[in-house]
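Residue numbers (this note's numbering): 36 to 231. Positions of the beta carbon are idealized from the N, C-alpha and C atoms, including for glycine. Keep in mind the model is a prediction, meaning the values are calculated, not measured.
This is the structure:
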């Protein structure tokens, strides 16, 4: 087998074969096999320009979000309080919101401000301002009556931006009515609303 001198890294001559392992000639069978394997690639390549020229935009996926942060409830609990004899006269509620670390497929963005709405059913006859509100950065905004007789209590939180994976301080407030079956919603300018 003939070989050609080749210089390696050291500069010393070495021997390498002159030919590769590929056959020197092609058979009809190898040409047909290559054509069969390349046909789908050619078909896809030819179809792509027509699809790209289409003026109809693709439909958005149902789970696509327009926000860059994801909120969740760390805490959302209520219980009866301020008893007169054996009858409660108030409801204490605690809320804590987390800016989840992951948003879609990447790390979420900080949340500078957020709001929480807690809906009291019509049967609770709510509407009076909370008698106590605590939690750093939290403040009561309004009790908003709704058409069905229920009332939304609206609170906002602001402070140093809530980084991904972090939670707000806990909000605790007391409303002078007895209520159960409360529903909460948290939202932020850069996060989709979340309900619980």
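Reduced DSSP category for residue 221 - H, G, I as helix; E, B as strand; rest coil: Counting from 1 along the chain shown, the entry for residue 221 is found at position 186. Strand.
For residue 104 and residue 80, the rounded distance between their alpha carbons: Here residue 80 corresponds to residue number 45 of the chain shown, with the count starting at 1. Here residue 104 corresponds to residue number 69 of the chain shown, with the count starting at 1. Low confidence applies here, because residue 80 scores a pLDDT of 43, under 50, leaving its location unreliable; read the following figure in that light. In a straight line, the C-alpha of residue 80 is about 38 angstroms away from that of residue 104.
Inter-residue Cα distance where the pair is residue 13 and residue 221: Beyond the ends of the chain as shown, which are 36 and 231, falls residue 13; an answer cannot be given.
For residue 207: DSSP bridge partner residues: Here residue 207 refers to the residue found at position 172 when the chain shown is read from its first residue. Answer is 129 and 169.
Pair within 8 angstroms by beta-carbon distance, residue 111 and residue 219: Taking the chain shown and counting its residues from 1, the one referred to as residue 111 is at position 76. Taking the chain shown and counting its residues from 1, the one referred to as residue 219 is at position 184. Note that the C-beta distance between residue 111 and residue 219 is below 8 angstroms.
Reduced DSSP secondary structure (H/G/I, E/B, other) of residue 228: Reading the chain shown from its first residue, position 193 is the one you call residue 228. DSSP places residue 228 in strand when its eight states are reduced to three.
Under the three-state DSSP convention, the category residue 104 falls into: Position 69 of the chain shown, counted from the first residue, corresponds to residue 104. The answer is strand: DSSP assigns residue 104 an E or B state.
Beta-carbon contacts of residue 108 that lie in its chain and below 8 angstroms, excluding the five residues immediately before and after: One-based indexing of the chain shown puts residue 108 at position 73. So the qualifying residues of the chain are 130, 131, 132, 133, 219, 221, 229 and 231.
Own chain partners of residue 169 with C-beta closer than 8 angstroms, once the 5 adjacent residues on each side are dropped: Locating residue 169 in the chain shown gives position 134, where the first residue counts as 1. Excluding five sequence positions before and after residue 169, the CB atoms of its chain that fall closer than 8 angstroms to its own CB belong to 206, 207 and 208, given in chain order.
Minimum C-alpha distance to residue 167 - residue among 106, 210, 224 and 181: Walking along the chain shown from the start, residue 167 turns up at place 132. When each option's Cα is compared against that of residue 167, the closest is 210.
Residues of its chain near residue 217, where Cβ-Cβ distance is below 6 angstroms and the 5 sequence neighbours each way are ignored: Within the chain shown, residue 217 is the residue found at index 182, counting from 1. So the qualifying residues of the chain are 113 and 153.
Whole-angstrom distance between residue 125 and residue 119, CA atom to CA atom: Position 84 of the chain shown, counted from the start, is the residue given in the question as residue 119. Position 90 of the chain shown, counted from the start, is the residue given in the question as residue 125. Rounded to whole angstroms, residue 119 and residue 125 show a C-alpha spacing of 10 angstroms.
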